[in-house]
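Residues in the sequence shown are numbered from 1 upward in steps of one, following full-length UniProt numbering. Backbone N, C-alpha and C fix where the C-beta goes; we use that ideal spot for every residue, glycine too. These notes concern the structure reproduced below.
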Amino acid sequence: PAVIVALLVSALIGLANGAVVAGLKVHGFIATLGMGLIVSGYLGSTYQGSSGQAPLAFRLIGATGIGPVPVSTLIMLACAAVVLVMLNSTRLGHAIYAVGGDASVARMSGVRTRTPVLAAHVICSTLAGLAGLLLAARLGVGSPTIGSQGGYDLLSIAAVVLGGTLLAGGKGSLIGTLGGVLIFAMLDNIMSVLQINPFLKDVVRGIVIVVSVAVYARRRTVHRPARFGRGPARQGEDRPPAGPGTPRRRPGGPDGSSAGEGPGTRNEVPA
Numbered sequence: 001p002a003v004i005v006a007l008l009v010s011a012l013i014g015l016a017n018g019a020v021v022a023g024l025k026v027h028g029f030i031a032t033l034g035m036g037l038i039v040s041g042y043l044g045s046t047y048q049g050s051s052g053q054a055p056l057a058f059r060l061i062g063a064t065g066i067g068p069v070p071v072s073t074l075i076m077l078a079c080a081a082v083v084l085v086m087l088n089s090t091r092l093g094h095a096i097y098a099v100g101g102d103a104s105v106a107r108m109s110g111v112r113t114r115t116p117v118l119a120a121h122v123i124c125s126t127l128a129g130l131a132g133l134l135l136a137a138r139l140g141v142g143s144p145t146i147g148s149q150g151g152y153d154l155l156s157i158a159a160v161v162l163g164g165t166l167l168a169g170g171k172g173s174l175i176g177t178l179g180g181v182l183i184f185a186m187l188d189n190i191m192s193v194l195q196i197n198p199f200l201k202d203v204v205r206g207i208v209i210v211v212s213v214a215v216y217a218r219r220r221t222v223h224r225p226a227r228f229g230r231g232p233a234r235q236g237e238d239r240p241p242a243g244p245g246t247p248r249r250r251p252g253g254p255d256g257s258s259a260g261e262g263p264g265t266r267n268e269v270p271a
């Protein structure tokens with residue numbers, strides 16, 4: 001029952017966040033940041049430090065695995081598969097992509113923009129609550145500050161950006177996000193084996209984020225096709241010289257005919 005209550009509270013927070021975005025037209029990132037500060041402030045003023053102890057069956061979820069794969073990783077992959085099917089095979093998923101690309105265009109195309117926005121925030125908040133439950137299962141106790149102290153809030157955003165998602169919207173993929181999570185997990189394991197200073201870990205993560213975003217932006221700029229091609233030369237502009245045998249047209253009408261000539265009486269002078 002406690003797990004269900006935690007997921008329901010997470011869904012309600014996401015619903016409130018989505019209502020702020022859809023109703024008040026606040027940017028999603030800013031609204032999420034503000035809602036996170038409100039929730040963390042409430043938890044910090046109400047609960048002091050870690051408290052309680054998770055049941056043994058719940059703690060086993062964070063401590064066991066199937067072979068070399070932890071149970072929490074399998075839960076993450078299962079959630080990713082469900083969300084991937086929802087995004088690619090349902091009307092709601094297509095509407096979320098449309099609104100994320102351009103809400104105005106989606107609205108003019110007949111898409112109700114409020115429903116996808118609310119659904120996206122509820123789903124994201126519920127999955128964030130599930131991630132918090134997995135952290136509690138791993139630690140064995142409840143802590144209102146584990147997310148901020150562990151840097152999970154910023155790392156989650158960094159993994160999404162590293163996966164190629166634009167914070168301004170319009171581009172992103174779930175597979176890319178999983179790739180970003182995998183890269184950060186490998187970096188953390190390597191730095192833990194090398195016993196690197198924890199503060200230097202943040203420096204390495206920041207460098208990886210900046211370099212990856214810069215390379216991605218550079219590739220988009222280089223491979224972007226020209227929006228407008230070169231049109232016909234205007235009057236007074238230099239034209240390429242005519243080659244041998246190229247007919248020269250007399251100045252006159254738009255088809256090259258001189259004044260008083262008909263369409264079939266155009267004079268051509270060989271070069």
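Quiz item: What are the complete alpha helix (DSSP H) segments, minimum 4 residues, inside the region 99 to 169?
Solution: Entirely contained in the region 99 to 169, the alpha helix (DSSP H) runs reaching 4 residues are, in chain order, 103 to 108, 114 to 139, 146 to 149 and 152 to 162.
Quiz item: Run through DSSP, which three-state label would residue 196 get?
Solution: It is coil, neither helix nor strand.
Quiz item: Apart from the five residues on each side of it in sequence, which residues of its chain come closer than 7 Å, Cβ to Cβ, to residue 74?
Solution: 66, listed in sequence order.
Quiz item: Should residue 228 be labelled buried (16 or more other beta-carbon atoms within 10 Å of its own) or exposed?
Solution: Confidence at residue 228 is low in this model, with a pLDDT of 49, below 50, so the placement of that residue is unreliable and no value is reported for it.
Practice problem: Go through the region 40 to 107 residue by residue and report every complete run of the alpha helix (DSSP H) that reaches 4 residues or more, in order. | Solution: With a minimum length of 4 residues, the continuous alpha helix (DSSP H) runs that stay inside the region 40 to 107 are 56 to 63, 71 to 89 and 91 to 101.
Practice problem: Please list, in chain order, all residues of the same chain as residue 262 whose beta carbon is under 8 Å from its beta carbon, the five residues on each side excluded. | Solution: Residue confidence is low: residue 262 scores 48 on pLDDT, short of 50, so the model does not pin down where it sits. Its coordinate-derived value is still stated next. Closer than 8 Å at Cβ, skipping near neighbours: no residue.
Practice problem: Might you give, ordered along the chain, the residues of its own chain that have their beta carbon closer than 6 Å to the beta carbon of residue 160, omitting 5 neighbours on each side? | Solution: Counting only Cβ-Cβ distances below 6 Å, and skipping sequence neighbours, we find 177.
Self-check item: Close beta carbons around residue 96, own chain, < 8 Å, minus the five adjacent residues each side
Solution: If we look at residue 96 and ignore the five residues flanking it on each side, its Cβ neighbours are 87, 116, 119 and 120.
Quiz item: Between the region 43 to 58 and the region 138 to 150, are three or more C-beta pairs nearer than 8 Å?
Solution: The region 43 to 58 and the region 138 to 150 touch, with no fewer than 3 CB-CB distances between them shorter than 8 Å.
Exercise. Report all residues from its chain with a CB closer than 7 Å to the CB of residue 127; omit the five preceding and five following residues, and keep chain order.
Key: Answer for residue 127: 79, listed in chain order.
Self-check item: Contact between the region 29 to 39 and the region 11 to 18 (3+ Cβ pairs under 8 Å)
Solution: Touching, yes.
Quiz prompt | Span of the alpha helix (DSSP H), counted from its first residue to its last, around residue 5 | solution = Here the alpha helix (DSSP H) through residue 5 covers 2 to 24.
Exercise. Measure the Cβ-Cβ separation of residue 173 and residue 180 and say whether it is below 8 Å.
Key: Not in contact: residue 173 and residue 180 (Cβ atoms no closer than 8 Å).
Exercise. Kindly give me the distance between the Cβ atoms of residue 208 and residue 194, rounded to whole angstroms, as I take these residues to be in contact under 8 Å.
Key: Contact doesn't hold; Cβ gap of about 15 Å is too wide.
Quiz item: Is residue 201 helix, strand or coil when you go by DSSP?
Solution: Residue 201 falls in the helix class under three-state DSSP.
Quiz item: If you run the structure through DSSP and keep just helix, strand and coil, what is residue 206?
Solution: It is helical.
Exercise. Sort 44, 3, 82 and 123 by Cα distance to residue 175 and report the nearest one.
Key: For the set 44, 3, 82 and 123, the Cα lying nearest the Cα of residue 175 is the one of 82.
Exercise. Could you pull out every residue in the same chain whose Cβ sits closer than 6 Å to the Cβ of residue 58, ignoring the five residues on either side in sequence?
Key: Here the set comprises 137.
Quiz item: Once you ignore the five residues that flank residue 183 on each side, which residues in its own chain have a CB closer than 7 Å to its CB?
Solution: Excluding positions up to five away in sequence, the list reads 162.
Quiz item: For residue 7 versus residue 147, is the C-beta distance shorter than 8 Å?
Solution: For residue 7 and residue 147, no; Cβs fall outside 8 Å.
Quiz item: Going by the beta-carbon positions, is the gap between residue 113 and residue 99 smaller than 8 Å?
Solution: Yes. Within cutoff.
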